[in-house]
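For the sequence shown, position 406 matches number 985 in the numbering used here, and the numbering has no gaps at all.
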Amino acid sequence: MAPSQAGKREREMEMSQLASRNAPQLLPSFWPIDDQHGVGHVRLDGEPPANAAEVMPLLLQLAAQSDAMRSLQSAEGEILSEGAASALRGEMAERMRELADLLDEDSAAAVRLRAKALGGGIEHREMTLELARSGPPPAFEIVCGPLCTWRMKTRIGLHSFVAAARDEPQQGLLNELDDSLEQALASVEAEIGASGLRVPFKLPMNVTNLLISAGEAAGHPKHFAYFMPEDEWVDGLPIEEQRTLYMRNVHLARYTEITIPLAEALLSGPMRAAEVPIANTLMPWIRGHDHGHNVVVPATCYDSWMEALGIEPFMALQEAIADVYGFLMTISDAWLGITGVSRLDMCATHMAELLHYLRRGPEYYGDPGAAYVELSFLAENGFVEIDKAGRIAWNEEDFCRGMAALASALTESTVGAPDETGSEALLQRYGWPTETAAMRTFKAMRERLTNVPTSLAFYRTSDVSAVNEVPVPA
Ligand SMILES: [Zn+2]
580 MAPSQAGKRE REMEMSQLAS RNAPQLLPSF WPIDDQHGVG HVRLDGEPPA
630 NAAEVMPLLL QLAAQSDAMR SLQSAEGEIL SEGAASALRG EMAERMRELA
680 DLLDEDSAAA VRLRAKALGG GIEHREMTLE LARSGPPPAF EIVCGPLCTW
730 RMKTRIGLHS FVAAARDEPQ QGLLNELDDS LEQALASVEA EIGASGLRVP
780 FKLPMNVTNL LISAGEAAGH PKHFAYFMPE DEWVDGLPIE EQRTLYMRNV
830 HLARYTEITI PLAEALLSGP MRAAEVPIAN TLMPWIRGHD HGHNVVVPAT
880 CYDSWMEALG IEPFMALQEA IADVYGFLMT ISDAWLGITG VSRLDMCATH
930 MAELLHYLRR GPEYYGDPGA AYVELSFLAE NGFVEIDKAG RIAWNEEDFC
980 RGMAALASAL TESTVGAPDE TGSEALLQRY GWPTETAAMR TFKAMRERLT
1030 NVPTSLAFYR TSDVSAVNEV PVPA
């Protein structure tokens, strides 16, 4: 996910890059064209919190209309048939109002406000601001409007539809983790010998399960979290007006479909990726990462860093910071006590997920760039071993020591540094495209493991039971 502080300037630089493109495009390439990609199929079987029999048909209609709406837009967001788009907006606003009548009070108020924006009764930006100010996110979240997905793919808001229902037990657990964030941070400080670490604002996170998505949100690859309203194409808001929409079932599915096959081929350690209790580790992992983005010490100031380092290297650094602080929070006694998982469970989760992120290409995005920095640091300093074929041998003790060492290095070079020179040196030594041992792992994934999916497709059907695969003719 994009760190908020980076949002505005980053967007401005991208806008100028986009403006220099030539003709409008309907289908821009997202993945490198010479690379191979596959799709794993995932069944969405969540239910709305109430009135499912009436709510689901409305969601299906809104999804279909949203697919049609996205089809009327160029990749730059230009509407290619105003008459058709206007009719769709009107119909979607109508369906949204019908939907609102079937929901709890808070969810209904949010859906009515979104319907009003679709119908042109309130500016999109004003609508998102009003939502942000109306308190905690609703139990049933609907997005029916512009969403931005990946940098270089969709940083212009393109029409999307998302319906997600809160996972109440997991939300309760997340709230408990947040309540003990200070203890977790104190344990990180002790681990890395730093002081003054704090998270100035606990970004609200709505823990949900995705019921259905359409339009740009259903494009590849899929997101499991949106940073709102920045990803709704609204920039420049203070962090207090932002929140994360997390779709837990998508995160779990990604791990099962993509992470496990990569890890089975490339990792050898005390716990296999397939044995990890991900139902208990992935939500805390992303919550740690999310807070990790916002960790500061009294000296932290990133003004001018993005220009000095470049967007992608700066983002890679920010994601690496979020990863290491986040990981160390998840293995604090305070958090392990709440989640009930072991330190080894969290190590195995992080180790396996590093591969998933790396696979996307460290030259393209912040998260894969961060995975490259982390894996390079761990390997070059002897905390993991990478053989000639790119296979990684790891153990719990060394992995934890390595992550703490990397957290210290990043705190010194970046979070608490007076300027960006230390970061530049760190990226030069461990970052893409430096030929570290991590390069062998990356090449193994791109060259030998091309059968592993790189994205997900969703289906919803009442005809096929979850255990019976749909037969696909050869
Ligand atoms: Zn992130």
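Don't be surprised by glycine CBs; every beta carbon is placed ideally from N, CA and C.
- Between T993 and G981 the beta-carbon gap is near 17 Å, outside 8 Å, which marks them as no contact.
- Contact fails between the region 702 to 714 and the region 763 to 778, because fewer than three Cβ pairs, one in each stretch, are under 8 Å apart.
- Taken in chain order, the unbroken stretches of alpha helix (DSSP H) that lie wholly in the region 914 to 995 and span 4 residues or more are 922 to 938, 945 to 959, 975 to 989.
- Each residue's CA atom was taken as its position, placing A1036 and A797 some 8 Å apart.
- CA-to-CA, the gap between N828 and L667 works out to about 29 Å.
- Only residues of its own chain outside the window of five on either side were considered, and among them G867, H868, G871 have a CB closer than 6 Å to the CB of G905, listed in chain order.
- Between the C-alpha atoms of M635 and R1039 there is a straight-line separation of about 11 Å.
- In this structure, E809 has its CB at a distance of at least 7 Å from all heavy atoms of ligand 1.
- Between A793 and D624, the C-beta gap is not smaller than 8 Å, which leaves the two residues out of contact.
- Relative to ligand 1, even the nearest heavy atom lies 7 Å or more away from the CB of E673.
- Look at Q652 here: in three-state DSSP terms it is strand.
- When DSSP states are grouped into helix, strand and coil, F740 belongs to the strand group.
- At a Cβ-Cβ threshold of 8 Å, G995 and Y951 do not count as neighbours.
- Excluding the 5 residues flanking it on each side, C727 has same chain C-beta neighbours closer than 6 Å at T733, R734, G736, D810, W812, in chain order.
- By the Cβ test, the region 741 to 761 is in contact with the region 912 to 927, since at least three Cβ pairs between them sit closer than 8 Å.
- The residue from K695, L641, E999, N788 with its alpha-carbon nearest to that of L896 is E999.
- Distances from the CA of L933 to each of L954, G919, E820 were compared; the closest alpha carbon is that of L954.
- Distances taken from the Cβ of E898 to the heavy atoms of ligand 1 include one shorter than 7 Å.
- In the DSSP assignment, T823 falls within the unbroken beta strand (DSSP E) covering 822 to 826.
- Y881 carries a coil assignment under DSSP once its states are collapsed to helix, strand and coil.
- Relative to the non-hydrogen atoms of ligand 1, the Cβ of H872 comes within a distance shorter than 7 Å of at least one.
- Rounded to the nearest angstrom, the Cβ distance from K967 to R1027 is 13 Å, too far for a contact under 8 Å.
- Between N974 and V920 the beta-carbon gap is near 18 Å, outside 8 Å, which marks them as no contact.
- Three or more Cβ pairs drawn from the region 674 to 693 and the region 703 to 720 lie within less than 8 Å of each other, which places the two stretches in contact.
- Distances from the CB of A901 to the heavy atoms of ligand 1 include at least one below 7 Å.
- Distances from the CB of H935 to the heavy atoms of ligand 1 are all 7 Å or more.
- Cβ-Cβ distances below 6 Å link M826 to A743, T787, L789, F803 in the same chain, with the five nearest sequence neighbours on each side left out; the list follows chain order.
- A distance criterion of 7 Å places the beta-carbon of H929 beyond contact range of ligand 1, judged by its closest non-hydrogen atom.
- Only residues of its own chain outside the window of five on either side were considered, and among them A672, M675, R676 have a CB closer than 6 Å to the CB of A694, listed in chain order.
- Under the three-state reduction of DSSP output, E702 falls in the coil class, being neither helix nor strand.
- Here T787 carries a strand assignment [DSSP, helix/strand/coil].
- Residue pairing for L682: DSSP places it in no beta bridge.
- The closest heavy atom of ligand 1 lies less than 7 Å from the beta carbon of H868.
- Within the DSSP secondary-structure output, V875 pairs in a beta bridge with R777.
- The residue among A1017, Y943, D977 with its C-alpha nearest the C-alpha of G969 is A1017.
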